[in-house]
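Asker: Residue numbers (this note's numbering), protein chains in the order written: chain A, 50 to 272; chain E, 50 to 272; chain R, 1286 to 1500; chain G, 1286 to 1500.
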Amino acid sequence: MEKVMTAVDAVNRVKRGSTVMIGGFLGVGAPQQLLAVLAKQMINELTIICCAADYPHNGVGRLISAGLVKRAILSHSGTNLEIEARAAAGEIEVEFIPQGTLAERIRAAGMGLGGILVTAGLGTAIEKGKRTIEVDGNSFLLEKPLKADVALIKAARGDHAGNLVYHGAARNFNPLMATAADLVIAEVAELVPVGEINPDQVMTPAIFVDIIVQTTGIEGGIK
Amino acid sequence: MEKVMTAVDAVNRVKRGSTVMIGGFLGVGAPQQLLAVLAKQMINELTIICCAADYPHNGVGRLISAGLVKRAILSHSGTNLEIEARAAAGEIEVEFIPQGTLAERIRAAGMGLGGILVTAGLGTAIEKGKRTIEVDGNSFLLEKPLKADVALIKAARGDHAGNLVYHGAARNFNPLMATAADLVIAEVAELVPVGEINPDQVMTPAIFVDIIVQTTGIEGGIK
Amino acid sequence: MKNDNRARREYIARRVAQELKDGDVVNLGIGIPTMVANFVPPEITVIFHSENGFVGIGPSPQVGEEDPDIINAGGQPVTILPGGAFFDSTVAFGIIRGGHLDIAVLGALEVDAQGNLANWAIPGRSGPGMGGAMDLVSGAKRVIVATEHTTKDGRPKIVERCSLPLTGGQIVDLIVSDLGVLEVTPAGLLLKELRPGVTIDELQAKTAAEIRDKP
Amino acid sequence: MKNDNRARREYIARRVAQELKDGDVVNLGIGIPTMVANFVPPEITVIFHSENGFVGIGPSPQVGEEDPDIINAGGQPVTILPGGAFFDSTVAFGIIRGGHLDIAVLGALEVDAQGNLANWAIPGRSGPGMGGAMDLVSGAKRVIVATEHTTKDGRPKIVERCSLPLTGGQIVDLIVSDLGVLEVTPAGLLLKELRPGVTIDELQAKTAAEIRDKP
Chain A
50 MEKVMTAVDA VNRVKRGSTV MIGGFLGVGA PQQLLAVLAK QMINELTIIC CAADYPHNGV
110 GRLISAGLVK RAILSHSGTN LEIEARAAAG EIEVEFIPQG TLAERIRAAG MGLGGILVTA
170 GLGTAIEKGK RTIEVDGNSF LLEKPLKADV ALIKAARGDH AGNLVYHGAA RNFNPLMATA
230 ADLVIAEVAE LVPVGEINPD QVMTPAIFVD IIVQTTGIEG GIK
Chain E
50 MEKVMTAVDA VNRVKRGSTV MIGGFLGVGA PQQLLAVLAK QMINELTIIC CAADYPHNGV
110 GRLISAGLVK RAILSHSGTN LEIEARAAAG EIEVEFIPQG TLAERIRAAG MGLGGILVTA
170 GLGTAIEKGK RTIEVDGNSF LLEKPLKADV ALIKAARGDH AGNLVYHGAA RNFNPLMATA
230 ADLVIAEVAE LVPVGEINPD QVMTPAIFVD IIVQTTGIEG GIK
Chain R
1286 MKNDNRARRE YIARRVAQEL KDGDVVNLGI GIPTMVANFV PPEITVIFHS ENGFVGIGPS
1346 PQVGEEDPDI INAGGQPVTI LPGGAFFDST VAFGIIRGGH LDIAVLGALE VDAQGNLANW
1406 AIPGRSGPGM GGAMDLVSGA KRVIVATEHT TKDGRPKIVE RCSLPLTGGQ IVDLIVSDLG
1466 VLEVTPAGLL LKELRPGVTI DELQAKTAAE IRDKP
Chain G
1286 MKNDNRARRE YIARRVAQEL KDGDVVNLGI GIPTMVANFV PPEITVIFHS ENGFVGIGPS
1346 PQVGEEDPDI INAGGQPVTI LPGGAFFDST VAFGIIRGGH LDIAVLGALE VDAQGNLANW
1406 AIPGRSGPGM GGAMDLVSGA KRVIVATEHT TKDGRPKIVE RCSLPLTGGQ IVDLIVSDLG
1466 VLEVTPAGLL LKELRPGVTI DELQAKTAAE IRDKP
């Protein structure tokens, strides 16, 4: 079960029209090489699930600028005017979800919860279409799990089995998305033999990861 | 804000009649010294929340054998005949919760969820008194968050600020309970200066921990 | 007699092991299920999951080499293989609940023709409690019951309808006993295999539910 | 004029900093809120939380010493102090949602007398989206709005009832502006403090909601 392959071979597993989760926060922790290759392969009609729209030529912005995205589920787009322009033109449908709710909905899918109850968004427009559940006299929104066909994630270090370790604030959504997609493709800056990562320090266990790609250089500049 | 103190000073913060969460799985990862001191201090009428009843003189069994427990919320008691005898005698009220649901309910309290939807226990006696919620045609039990007055947890390593690192299968419920109690007391095998634990490798951030006790020797044998 | 007992248990464990596929993530319960690890076909790699917080259970440690913080869910000292990982109890059960566990192998007090399983509450006792069993049976992609066909005093464990408190409703996929292998189907129990030397009449006589031998 | 602008913003940041207590865990939004970190009284220790995944935000790094993986929620390079910790986004927001964040300081497009806040949706634009703001205002133990009292063209930002889409309903505890400090009470806005040189008449004139000066 060798999981290591090239970025092109990995990205070619993504199908047109797929729902794709993408890690990172304003590009930090984004799988830049996978995204650059995906943008080049022109696999389009994608629904993306991500924290933010990042920047026009950094993070998920690479897919947006390449015109591959038909729908974006995210918490913030303010750093990328490109997505706003495309949304205004009716080219991209945008759905905003509070960032903490987004994280927890992805986790719920990965950890097999049927839903979670949160207060974020109560009394706001995002209540629309959602059930309100009372528990012991308090109101909560019922939020459903959010899963994807593919997750594209990034780790600082990975072994050949797929165990991953993140660094700094680049962890963000990556370990959550690793649990919540049918196909999980992890880009790793450093690839090490199995057994080199202390089992206590693994942040994403290998059983969640299907494909590993080592970063060999990123096409296109960052930000 | 010095958080380090002796086991006796720490344990004396536990009040008679409190609800106390206790980490560990069959004694592994249990705060053995805190439990030994608590058993000696005879602070009683406790409600305990724990994974299992451990063994008569190991883990939470220390409190049960000392007669300090009036109610136990746990997933398994089969390794400790003492709790079964006391339950049969009407001395301890026992409530069983599926282990994964127990873990997730504690996390829900710590992470501020109003509830979670699970399938464990559907079609069984533990449905009793619980709401069933339909989501997209599937049934789930609504499980409520579970919190405590005090959490007694154990880590392999901690710094003076309260950052914790666990080892092996001793992690289990400890990091969850660290988030879900008003007062969190952590017993650490090794105490190190602030800055010695790599921020990437912290498993429980210091902001969750109120009191740190360094293990100085455990009274009473293990198992 | 003791040898016979051992042979029967080994048959069950060996037969369950044949159900495993390369790359499967598998959780083994206490008792006969634990023995399954000894019979994994050498040509496949299976990853064993321990609900107390890790994947990659390795063999028992040498005496004197035990790490007191590495035990299996039954409390025995074990090891972790290279490539394994430790995590907390929400991840341990999230793996089960989230559809990441391919197979759970559990014992039974009773299992019935509808795939109901009872293995957690013993009448007249307060415990022992379900531990992780309810999460396992409701979350694992496939649930295999590994059990002796009858109780020590000869009563059937495979019944038309469980009388003991359930661990889960309609969650068992396959039953492997010392008499053979039964699949739980919407139409009831279907015979997949008889243990060599066992007849279908003997199997049926020792089972308190109807067994079909054709789909 | 530019100096005046800077003095007004510094007054706000300095005044918010006086609300912090030793040991508080605090999240600062983008803009004026970020400046609060510069005015923490030296006798107290405050822990700053970054919703992109850590506690213990330290000062900006020296040029050339930036770690590209350590940015704040606004995208600027920062550092992490000794004793800080990184974590994933569920923990980042679990800290907020679970009652472990003492204070959130946010900016506003509008804030009203009921404590409603609008700061995420700009009419006529698809974005920018709420980011973590809805989670912050519903989860933090105390929500402080730090804002200039009026918009650039002089319209009141503090109003009787927000007209823009809400970030949260009845969640603001305190409003600190360049004219003073207002507490949100069940009976409406209560004057806590005037910026030196500001009169209550000026404050009221620039506010589109009634301000009481006695509880």
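Yeah, the Cβ is synthetic: ideal placement off N, Cα and C, and Gly gets one too.
All figures in this text were calculated on a predicted structure; none of them were measured in a lab.
Would you please state the rounded distance, in angstroms, between the beta carbons of residue 53/A and residue 1370/R? I believe it to be under 8 Å.
Answerer: Residue 53/A to residue 1370/R, Cβ: 18 Å. No contact.
Asker: Taking residue 1312/R as part of the beta strand (DSSP E), name the residues at either end of that continuous run.
Answerer: First-last of the beta strand (DSSP E) with residue 1312/R: 1310 to 1313.
Asker: Does the pairing of the segment 185 to 201 of chain E with the segment 165 to 176 of chain E give three or more beta-carbon distances under 8 Å?
Answerer: Yes, the segment 185 to 201 of chain E touches the segment 165 to 176 of chain E.
Asker: With burial defined as no fewer than 16 other Cβ atoms inside 10 Å of the residue's Cβ, what is the status of residue 272/E: buried or exposed?
Answerer: Reliability fails at residue 272/E, whose pLDDT of 41 lies under 50, so the model's placement of it is uncertain and no value is given.
Asker: Short of 6 Å in beta carbon distance, which residues of its chain neighbour residue 1434/G, apart from the five on each side in sequence? Order them along the chain.
Answerer: The residues are 1462, 1463, 1464 and 1491.
Asker: Quick one: which residues of the segment 207 to 235 of chain E get their C-beta closer than 7 Å to a C-beta of chain R? List them in chain order.
Answerer: Against chain R - using a Cβ distance shorter than 7 Å - the residues of the segment 207 to 235 of chain E are 216, 217, 218, 219, 220, 221, 222, 224 and 225.
Asker: Have a look at residue 232/A and residue 233/E and give me their C-alpha separation to the nearest angstrom.
Answerer: Using only the alpha carbons, I get a separation of about 39 Å.
Asker: Can you list the beta strand (DSSP E) stretches of 3 or more residues lying completely in the segment 145 to 201 of chain A, in chain order?
Answerer: Correct list: 164 to 167, 181 to 184 and 187 to 192.
Asker: Using C-beta distances below 7 Å, list every residue in its chain close to residue 1301/R, excluding the 5 sequence neighbours before and after it, in chain order.
Answerer: If we look at residue 1301/R and ignore the five residues flanking it on each side, its Cβ neighbours are 1321, 1390, 1429, 1431 and 1461.
Asker: For residue 266/E, count neighbouring Cβ atoms within 10 angstroms of its own Cβ and tell me buried if that reaches 16, exposed if not.
Answerer: Its Cβ having fewer than 16 others within 10 Å, residue 266/E is exposed.
Asker: Please look up how many angstroms separate the CB atoms of residue 1414/R and residue 149/E, rounded, as I've assumed it's under 8 Å.
Answerer: At roughly 13 Å, the Cβ-Cβ gap does not stay under 8 Å, so residue 1414/R and residue 149/E are not in contact.
Asker: Where DSSP assigns a beta bridge to residue 257/A, which residues make up the other side?
Answerer: Paired residue(s): none; residue 257/A is not in a bridge.
Asker: Given a limit of 7 Å on CB to CB distance, which residues of the segment 178 to 206 of chain E reach chain G?
Answerer: Per Cβ criterion, the list is empty.
Asker: Determine the burial state of residue 229/A: buried for a count of at least 16 other Cβ atoms within 10 Å of its Cβ, exposed for fewer.
Answerer: By the 10 Å Cβ count, residue 229/A comes out buried.
Asker: Using the three-state DSSP reduction, which class does residue 1335/G fall into: helix, strand or coil?
Answerer: In the structure shown, residue 1335/G sits in a strand (DSSP, three-state: E or B).
Asker: Touching or not, the segment 1330 to 1337 of chain G and the segment 1310 to 1317 of chain G, by the rule of three or more beta carbon pairs under 8 Å?
Answerer: Touching, yes, given that three or more Cβ pairs across the two stretches are closer than 8 Å.
Asker: Using the beta-carbon count (16 or more within 10 Å), is residue 1470/G buried or exposed?
Answerer: Classification for residue 1470/G: exposed.
Asker: Report, in whole angstroms, the separation of the C-beta atoms of residue 1383/R and residue 210/A, which I expect to be a contact under 8 Å.
Answerer: The pair is not a contact, with the Cβ atoms about 19 Å apart (cut-off 8 Å).
Asker: Tell me the residue span of the alpha helix (DSSP H) that contains residue 1446/R.
Answerer: That residue, residue 1446/R, is in no alpha helix (DSSP H); it is neither H nor E in DSSP.
Asker: Under three-state DSSP, which class holds residue 1433/G?
Answerer: Three-state result, residue 1433/G: coil.
Asker: If I measure Cβ to Cβ from residue 1427/G and keep anything under 7 Å in the same chain, skipping five residues before and after, which residues do I get?
Answerer: The residues are 1387, 1388 and 1458.
Asker: With respect to 7 Å, is the separation between the Cβ of residue 1341/R and the closest non-hydrogen atom of the ligand SAH below this value?
Answerer: The ligand SAH is not among the ligands present in this structure, which contains no ligands whatsoever.
Asker: Leaving aside the five residues before and after residue 171/E along the sequence, list all residues of the same chain whose C-beta is less than 7 Å from its C-beta, in chain order.
Answerer: These residues qualify, in order along the chain: 188 and 190.
Asker: What residue range is occupied by the uninterrupted alpha helix (DSSP H) comprising residue 110/A?
Answerer: Segment 110 to 114, the alpha helix (DSSP H) holding residue 110/A.
Asker: Is residue 178/E buried or exposed, if buried means 16 or more other CB atoms sit within 10 Å of its CB?
Answerer: Residue 178/E should be labelled exposed.
Asker: Applying the criterion that 16 or more other CB atoms from any shown protein chain within 10 Å of the CB defines a buried residue, is residue 81/A buried or exposed?
Answerer: Classification of residue 81/A: buried, given that the 10 Å Cβ count is 16 or more.
Asker: For residue 1418/G, write down the residues that DSSP places opposite it in a beta bridge.
Answerer: None; residue 1418/G has no bridge partner.
Asker: Taking the runs of the alpha helix (DSSP H) that are 4 residues or longer, which of them lie wholly in the segment 1341 to 1400 of chain R?
Answerer: Runs of the alpha helix (DSSP H) inside the segment 1341 to 1400 of chain R: 1374 to 1382.
Asker: With a floor of 3 residues, list each beta strand (DSSP E) that falls wholly inside the segment 57 to 119 of chain E, ordered by position along the chain.
Answerer: Listed in chain order, they are 68 to 71 and 95 to 99.
Asker: Could you spell out where the beta strand (DSSP E) holding residue 231/E opens and where it closes?
Answerer: Note, residue 231/E: beta strand (DSSP E), 230 to 241.
Asker: Residue 161/A: buried (16+ other C-beta within 10 angstroms of its C-beta) or exposed?
Answerer: When all chains shown are included, residue 161/A counts as buried.
Asker: My output table needs one value for residue 269/A: the three-state DSSP class, helix, strand or coil.
Answerer: For residue 269/A, the pLDDT reaches just 46, beneath the cut-off of 50, and the residue's location in the model is therefore unreliable, although a value from the coordinates is still provided. Coil.
Asker: For residue 1319/R, name the three-state secondary structure that DSSP assigns.
Answerer: Here residue 1319/R sits in helix by DSSP.
Asker: So what's residue 1301/R in DSSP terms, helix, strand or just coil?
Answerer: Helix.
Asker: If we ignore side chains and look at the alpha-carbon of each, how far apart do residue 122/E and residue 1474/R end up?
Answerer: Distance between the alpha carbons of residue 122/E and residue 1474/R: 37 Å.
Asker: Using DSSP bridges, identify the partner residues of residue 1458/R.
Answerer: DSSP lists no partner for residue 1458/R.
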